[in-house]
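Below is one structure, written out as structure tokens; the observations come after it.
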Amino acid sequence: MGRGARYGRRVSAGVRIAVVALVAHDRVLLVHRHPSRQNFPDLWDLPGGHVEDGEDWSDAAARECLEELGVGVKNLLQVPVGLAIPGVDARAFVTSCWSGSPANLEPDEHDDLGWFTAEELVGLTMVHPSTRAAVEGALELGISC
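In terms of my numbering, the sequence shown is residues -12 to 132.
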């Protein structure tokens, strides 16, 4: 079984994805992908989504946070750990600065969200091993607003 099949990968080549690690009090916010999702179902992930044609990476990340969580993010910093998902150009950002309280505004995409410490990540099934590395990298940055 190929690595992509192991993680339920059914994405088109050339897909661009921007994700965001919202960090507060040494915890990161993760979303649980709904079990009915075609791509990466029933797995924990960072909030985010597709970068639209002509859209800047950080603008896409901010837009996705507003659409999925209802929060306005600022001071996005790109995480130096890359997301190595075959066929996907993905970039992760981190911030501790946002307005609003994160809520699940897209229940068809996510069925849960939660705040996790680095230690709690061990027990979670993530979209891809590189996602865990990006989350750990975001937590290690120790950023503040």
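Even glycine gets a Cβ: it sits at the ideal position worked out from N, Cα and C.
Could you give the distance in angstroms between the alpha-carbon of residue i and the alpha-carbon of residue j?
i, j, result
"residue 21", "residue 100", "11 Å"
"residue 49", "residue 105", "23 Å"
"residue 53", "residue 14", "20 Å"
"residue 115", "residue 66", "16 Å"
"residue 11", "residue 122", "13 Å"
"residue 113", "residue 107", "12 Å"
Please tell me whether residue i and residue j are closer than 8 Å, where the distance is taken between their beta carbons.
i, j, result
"residue 5", "residue 38", "yes"
"residue 28", "residue 18", "no"
"residue 56", "residue 94", "no"
"residue 64", "residue 80", "yes"
"residue 128", "residue 82", "no"
Tell me residue i's beta-bridge partners as DSSP assigns them.
i, result
"residue 130", "Residue 130 is not bridged to any residue."
"residue 86", "59"
"residue 17", "101"
"residue 9", "82"
Continuous alpha helix (DSSP H) assignments of at least 4 residues falling wholly in the region 22 to 83: 44 to 56
Whole runs of the alpha helix (DSSP H) within the region 95 to 124, excluding any shorter than 4 residues: none
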